[in-house]
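Working notes, structure below.
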Amino acid sequence: MRLRFAPSPTGQLHVGNARTALFNWLMARRHGGTFILRIEDTDVDRSTRESERAILEDLRWMGLEWNEGVEVGGDKGPYRQTERLDLYRAHARELIDQEKAYYCFCSPETLEADRQAALEAGRPPMYPGTCGRIPASEARRRVEAGEPAVIRFRVPKAGEVPFTDLVRGPIWFDLDVIGDFVLVRSGGIPAYNFAVVVDDKLMEITHVIRGEDHISNTPRQVLLYEAFGWKPPAFAHVSLVMGPDHSPLSKRHGATSVAEFRARGYLPEALTNYLALLGWSPGDGDELLPLDELALRFRLEDVGHSAGVFDVEKLAWANRHYLRAADPGRLARLALPYMEREGWLSEPTDEDLAYLARVVPLAAASIDRLDQVPARLRFLFDYSAERALADPTIRAEAFEPGARAVIVALADELRSGDRLRDRDAFRAAAARVRERTGQKGKALFHPTRLALTGESEGVELDLAVPALEAGAELKPDSGIRRIPGAKERAAAFASRL
RNA sequence: GCCGGUAUCGUCUAGGGGUCAGGACACGUGGUUCUCAGCCACGGGACCGGGGUUCGAAUCCCCGUACCGGUACCA
Numbered sequence: 010m011r012l013r014f015a016p017s018p019t020g021q022l023h024v025g026n027a028r029t030a031l032f033n034w035l036m037a038r039r040h041g042g043t044f045i046l047r048i049e050d051t052d053v054d055r056s057t058r059e060s061e062r063a064i065l066e067d068l069r070w071m072g073l074e075w076n077e078g079v080e081v082g083g084d085k086g087p088y089r090q091t092e093r094l095d096l097y098r099a100h101a102r103e104l105i106d107q108e109k110a111y112y113c114f115c116s117p118e119t120l121e122a123d124r125q126a127a128l129e130a131g132r133p134p135m136y137p138g139t140c141g142r143i144p145a146s147e148a149r150r151r152v153e154a155g156e157p158a159v160i161r162f163r164v165p166k167a168g169e170v171p172f173t174d175l176v177r178g179p180i181w182f183d184l185d186v187i188g189d190f191v192l193v194r195s196g197g198i199p200a201y202n203f204a205v206v207v208d209d210k211l212m213e214i215t216h217v218i219r220g221e222d223h224i225s226n227t228p229r230q231v232l233l234y235e236a237f238g239w240k241p242p243a244f245a246h247v248s249l250v251m252g253p254d255h256s257p258l259s260k261r262h263g264a265t266s267v268a269e270f271r272a273r274g275y276l277p278e279a280l281t282n283y284l285a286l287l288g289w290s291p292g293d294g295d296e297l298l299p300l301d302e303l304a305l306r307f308r309l310e311d312v313g314h315s316a317g318v319f320d321v322e323k324l325a326w327a328n329r330h331y332l333r334a335a336d337p338g339r340l341a342r343l344a345l346p347y348m349e350r351e352g353w354l355s356e357p358t359d360e361d362l363a364y365l366a367r368v369v370p371l372a373a374a375s376i377d378r379l380d381q382v383p384a385r386l387r388f389l390f391d392y393s394a395e396r397a398l399a400d401p402t403i404r405a406e407a408f409e410p411g412a413r414a415v416i417v418a419l420a421d422e423l424r425s426g427d428r429l430r431d432r433d434a435f436r437a438a439a440a441r442v443r444e445r446t447g448q449k450g451k452a453l454f455h456p457t458r459l460a461l462t463g464e465s466e467g468v469e470l471d472l473a474v475p476a477l478e479a480g481a482e483l484k485p486d487s488g489i490r491r492i493p494g495a496k497e498r499a500a501a502f503a504s505r506l
């Protein structure tokens with residue numbers, strides 16, 4: 010079984026295309042097949058190497074490695090269409106020689122006029138076949154004389170083209186709605202329908218899984234397979250991805266590309282998991298399935314027929330799940346850029362990284378995305394009693410007599426004691442404050458939170474306090490901005506009451 | 001216009017001639033004796049419309065409607 014993903018390098022990898030790539034990859038994985046990456050860059054005006062590079066990077070980030078194709082090679086290459094021009098030329102010649110295709114000299118203006126006329130007459134607009142009646146010898150003369158021409162396929166005049174779609178079942182198209190379409194453009198660059206057929210055949214693709222926008226291209230391609238005497242691959246068309254308003258997902262809906270989701274701090278396993286669930290279901294209730302588990306269960310028959318609305322909330326849910334399951338060291342590494350952006354650290358030492366690996370998971374337990382790490386960890390790296398008390402709400406809470414007593418007692422308690430290095434030490438200190446003030450529960454902990462973190466909500470104090478104490482003990486060569494300890498914080502806060 | 005595809009809670013879906021139409025995300029309420037998140041419990045919420053076939057239709061058939069795609073020298 011050989012499958013391929015064949016993006017056009019004309020922009021970022023869209024989540025809809027990423028999903029198509031994923032389905033191809035899963036299918037190959039499931040059946041021990043080969044996954045091939047081909048670049049369809051025949052739109053030379055819009056294709057760029059930069060886009061190609063970005064798409065490859067996104068695919069790798071998602072974990073969708075390919076066995077054959079661009080950058081990895083293989084014996085069915087080259088894998089970039091603009092490097093296969095001679096192949097298309099030879100195959101076009103073959104069809105010309107058999108008069109299954111012909112040169113067309115019609116000007117774009119004539120074509121457009123015909124199209125309009127057909128539209129107004131209520132007929133399907135399609136090429137009338139004018140140049141198909143030019144004798145081959147004359148056509149050849151004109152081409153050799155340098156007259157610009159495209160090569161068109163001579164579509165049989167009557168009948169129908171049936172094909173079986175692996176997700177939708179049998180589909181038919183009447184031939185009388187298909188005009189003689191262009192195989193090779195006047196510049197010698199092949200048109201999509203021709204290039205795909207030649208490539209899929211030569212690369213021995215057995216299953217074509219692609220977006221449903223290609224469903225009406227399929228009969229044209231089947232016709233070409235027949236003209237060459239080739240057996241068509243199996244086709245499977247998956248539905249498109251929509252925005253919340255049920256229109257095609259676009260920038261105005263927010264993030265649409267894999268790169269954007271990565272930049273916001275979604276984990277690749279969350280994206281692939283979510284994308285697989287969009288239009289596919291394992292049947293039982295299981296939904297949280299990492300990539301290899303998906304590969305074990307994926308079946309084309311279980312792919313839905315209808316378009317799916319991209320739901321960021323559900324993606325976030327999956328991301329939260331994987332964020333909590335992720336390795337601490339990996340989390341720290343991934344969160345680094347967001348914290349560097351805040352100016353909290355630079356050139357971290359090994360000790361710093363170990364500290365971050367301890368602290369980032371605390372944040373990861375309650376956020377949707379990695380770009381929310383700074384907000385969650387600000388209490389560590391950017392504590393300021395003065396700024397906290399400038400907030401009217403916090404100020405009011407801190408000045409409430411009971412709260413104020415707690416904070417003053419806390420500062421006093423911490424002045425002479427040891428660092429609160431673990432949960433028990435913190436709880437013991439809190440218990441002593443409780444005894445001195447008679448405050449307990451919320452009345453005890455909330456003021457404590459205010460004084461020690463400068464915030465009214467955040468990480469559990471049991472964890473936050475030991476974390477900040479550990480931060481205060483980082484060595485002088487640390488790349489992390491200095492973190493004040495609990496004693497210091499309580500004193501600073503209390504002195505302003 | 002023509003051709004093709006699609007239609008179950010707001011969203012993703014399971015199911016499919018007789019079911020209390022199930023699950024997940026989101027939402028609401030309560031609990032978890034600091035907060036947010038999480039977790040637990042409970043709750044509201046769907047078979048596009050109209051005909052037909054049938055004892056019985058969400059399920060099968062027909063006709064509509066809506067949405068999506070195509071109708072390119074773009075893929």
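With this note's numbering applied, the first sequence covers 10 to 506. C-beta: ideal position from N, C-alpha, C; glycine also. Treat the numbers as computed from the prediction; the structure is a model and nothing was measured.
CA nearest to the CA of residue i, picked from the options
{"i": "R458", "options": "L362, G138, A397", "result": "A397"}
{"i": "L354", "options": "L249, W326, I492, A407", "result": "I492"}
{"i": "V442", "options": "S248, R490, R177, D421", "result": "D421"}
{"i": "H40", "options": "R149, H216, A158", "result": "H216"}
{"i": "A399", "options": "R342, L506, I143, V81", "result": "L506"}
{"i": "P199", "options": "E466, L22, R89", "result": "R89"}
{"i": "R62", "options": "D52, I48, D54, L192", "result": "I48"}
{"i": "P134", "options": "R124, P16, R339", "result": "R124"}
{"i": "E464", "options": "H255, Q230, Y392, L175", "result": "Y392"}
For residue j and residue i, the rounded distance between their alpha carbons
{"i": "N202", "j": "E296", "result": "37 Å"}
{"i": "F270", "j": "A264", "result": "7 Å"}
{"i": "G155", "j": "C113", "result": "13 Å"}
{"i": "P370", "j": "E406", "result": "29 Å"}
{"i": "P346", "j": "R404", "result": "33 Å"}
{"i": "M478", "j": "A495", "result": "It is Glu, not Met, that sits at residue 478 in the sequence shown. Rounded to the nearest angstrom, the two C-alpha atoms are 6 Å apart."}
{"i": "A126", "j": "T173", "result": "34 Å"}
{"i": "F502", "j": "A27", "result": "51 Å"}
{"i": "L31", "j": "L324", "result": "16 Å"}
{"i": "L35", "j": "A279", "result": "15 Å"}
{"i": "V206", "j": "A268", "result": "30 Å"}
{"i": "N33", "j": "T462", "result": "49 Å"}
{"i": "D189", "j": "P16", "result": "26 Å"}
{"i": "D433", "j": "D293", "result": "44 Å"}
{"i": "L300", "j": "A439", "result": "45 Å"}
{"i": "T119", "j": "V159", "result": "14 Å"}
{"i": "R329", "j": "L276", "result": "9 Å"}
{"i": "E356", "j": "D431", "result": "28 Å"}
{"i": "A412", "j": "L340", "result": "36 Å"}
{"i": "D222", "j": "H246", "result": "8 Å"}
{"i": "I218", "j": "L303", "result": "17 Å"}
C-beta contact flag for residue i and residue j at 9 Å
{"i": "D204", "j": "Y111", "result": "Note on residue identity: the sequence assigns Ala, not Asp, to residue 204. Result no, Cβ atoms of A204 and Y111 do not sit closer than 9 Å."}
{"i": "G37", "j": "M71", "result": "Here residue 37 turns out to be Ala, not Gly, going by the sequence shown. Not a contact, by the Cβ cut-off of 9 Å."}
{"i": "P401", "j": "V318", "result": "no"}
{"i": "V81", "j": "L128", "result": "no"}
{"i": "P410", "j": "R367", "result": "no"}
{"i": "A236", "j": "K85", "result": "no"}
{"i": "R58", "j": "T19", "result": "no"}
{"i": "A374", "j": "L343", "result": "no"}
{"i": "R149", "j": "V191", "result": "no"}
{"i": "R498", "j": "D471", "result": "no"}
Whole-angstrom C-beta distance between residue j and residue i, which should lie under 8 Å
{"i": "P242", "j": "I214", "result": "5 Å"}
{"i": "W181", "j": "K210", "result": "Actually they are not in contact, since the Cβ atoms of W181 and K210 sit about 23 Å apart, beyond 8 Å."}
{"i": "D361", "j": "G274", "result": "Going by Cβ atoms, the distance from D361 to G274 rounds to 20 Å, so no, they are not a contact pair."}
{"i": "V24", "j": "L258", "result": "7 Å"}
{"i": "V312", "j": "V193", "result": "The Cβ separation is near 34 Å, so there is no contact."}
{"i": "L483", "j": "Y364", "result": "6 Å"}
Under the three-state DSSP convention, the category residue i falls into
{"i": "P171", "result": "strand"}
{"i": "T43", "result": "strand"}
{"i": "I180", "result": "strand"}
{"i": "Y136", "result": "coil"}
{"i": "L354", "result": "strand"}
{"i": "I492", "result": "coil"}
{"i": "V510", "result": "Summary: the structure shown does not reach residue 510, with the chain confined to residues 10 through 506, and so no result is reported for it."}
{"i": "L297", "result": "coil"}
{"i": "I143", "result": "coil"}
{"i": "I48", "result": "strand"}
{"i": "L211", "result": "helix"}
{"i": "S465", "result": "coil"}
{"i": "W34", "result": "helix"}
{"i": "I403", "result": "helix"}
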